[in-house]
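Numbering (the working numbering), first residue to last: 13 to 65.
Right, one structure below, let's go through it.
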Amino acid sequence: MSSTSPAVDVGVPLAGVVAFDYEGVSRLGVPYDLGAFVAGAASTSGAALPGGR
């Protein structure tokens, strides 16, 4: 996700429900980013995305 994406910082807090993004990056900070990934976060898992992306 690009830092200029309209999905950055527009999500609702999900504390206690969703603590990490798809790659295991912590979703600290409010407001959350929409989508499966935290904007600007480096991958910590090294896992490939589904579909080879």
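For each residue, glycine too, the CB sits at the ideal point set by N, CA and C.
CA-to-CA distance, residue j to residue i, given in whole angstroms
i     : j     : result
Asp33 : Thr16 : 18 Å
Asp21 : Ala48 : 13 Å
Which of helix, strand or coil DSSP assigns to residue i
i     : result
Gly41 : coil
Arg65 : A caution first: Arg65 carries a pLDDT of 47, below 50, which makes its placement in the model too unreliable to give a value.
Counterpart residues of residue i in DSSP-defined beta bridges
i     : result
Phe32 : Ser38
Assumed close pair residue i, residue j - CB separation to whole angstroms, cut-off 8 Å
i     : j     : result
Val28 : Asp45 : In the sequence on display, residue 28 carries Gly and not Val. Contact flag wrong, Cβ pair sits at about 18 Å.
Val50 : Val42 : Wrong, their Cβ atoms sit about 12 Å apart, outside the cutoff.
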